[in-house]
Ligand SMILES: Cc1cc2nc3c(=O)[nH]c(=O)nc-3n(C[C@H](O)[C@H](O)[C@H](O)COP(=O)(O)O)c2cc1C
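In the numbering used here, the protein residues as written are 944 to 1190.
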């Protein structure tokens, strides 16, 4: 008998057996289904980077709706890595309890929460008082092309400081009981500014060949592993092609 003839196979039973509703296993994380909420930022949070109940309510809407995991919106690891104010950050130890509260709320719906660790570099997306008054750091001293924000190529010390900030961010996410972290190495932000041959014009160990341009990202991964060990879920969002950030 074909499936079409079998009256017991309804659209509902067929849907519930679809692979998208089966668990997805990573080395250090299991998600109940294959539906992930992708990163979409909203300006819900306080000026100092502490998160608000509005963010918790927002994330819980997705968790309640049945998604298996939420990849958070852009979470800066340093205040100078913000795109604009109003995004929750992970740059302070005393923010851990806020993230813990969010993680517990989402988990009550059997949903996992992965924090997207981020740094803007020179690309801050939105003009405004927060972004015109501060210098921005990047792989390059060439200005950002959309808004014309001026920037300066990071020194080696500043690169090391930023690598450490990512490792601390991952450690805080783990302390908060979250399920993993994602490195935001896409969409033109700091990692992209190192990876891109169209942006990165350094002549030191962090520029030139692909291996050198990837060094910043790989150093961050090593620093995170040194800080949190090998048992914490770590993923990376990378861009496959770039068009708009290289002029
Ligand atoms: C308002 C808005 C905010 C976004 N915020 C983030 C973000 O914080 N992190 C990220 O990686 N991508 C972010 N994105 C990109 C989305 O995750 C997604 O890649 C993009 O919307 C393209 O997918 P789509 O064609 O399904 O919309 C954002 C997109 C929008 C429209």
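Yeah, the Cβ is synthetic: ideal placement off N, Cα and C, and Gly gets one too.
Sorted by chain position, which residues of the same chain lie with C-beta nearer than 7 Å to residue 1006's C-beta, five sequence neighbours on each side aside? By the criterion of a C-beta distance shorter than 7 Å, residue 1006 is surrounded in its chain by 1013, 1049, 1052, 1054, once the five residues flanking it on both sides are discounted.
For residue 1025, does the three-state DSSP call read helix, strand or coil? Residue state, collapsed to three classes: coil.
Contact set for residue 1133: own chain, Cβ-Cβ below 6 Å, skip 5 residues either direction: Contacts found: 1062, 1064.
Straight-line CA distance for residue 985 to residue 1043? Rounded to whole angstroms, residue 985 to residue 1043 spans 19 Å at the Cα level.
Contact under 7 Å by Cβ, residue 1176 with residue 1123: Yes. Within cutoff.
Run the CB neighbour count on residue 1181, radius 10 Å, all protein chains shown included, and call it buried at 16 or more, exposed below. By the 10 Å Cβ count, residue 1181 comes out exposed.
DSSP state of residue 1190, grouped into three classes? Per-residue confidence for residue 1190 stands at a pLDDT of 48, beneath the threshold of 50, marking its modelled position as unreliable; the derived number appears in the next sentence. In this structure, residue 1190 counts as coil in the three-state DSSP scheme.
Closer than 7 Å by C-beta to residue 988: which residues in its own chain qualify, once you throw out the five before and the five after it? Chain order, please. Apart from the 5 residues on each side of it in sequence, residue 988 sits with its Cβ closer than 7 Å to the Cβ of 994, 995, 998, 1029, 1030, 1031 in its chain, given in chain order.
Let me make sure I understand the geometry here. Which of 965, 1165, 1183 has the alpha-carbon closest to that of residue 1114? The candidate whose alpha carbon is nearest that of residue 1114 is 1165.
For residue 1132, name the three-state secondary structure that DSSP assigns. Three-state DSSP puts residue 1132 in coil, outside helix and strand.
Element boundaries [beta strand (DSSP E), containing residue 1017]: That run of the beta strand (DSSP E) goes 1012-1019.
Going by other Cβ atoms of all chains shown within 10 Å of its Cβ, with 16 needed for buried, is residue 1131 buried or exposed? With 16 or more Cβ atoms within 10 Å of its Cβ, residue 1131 is classed as buried.
Residue 1173 classed as buried or exposed, judged by whether at least 16 other C-beta atoms fall within 10 angstroms: Exposure of residue 1173 is indicated by the presence of fewer than 16 other C-beta atoms within 10 angstroms of its C-beta.
In chain order, what residues have a CB nearer than 5 Å to some heavy atom of ligand 1? Answer in sequence order: 981, 982, 983, 984, 1016, 1017.
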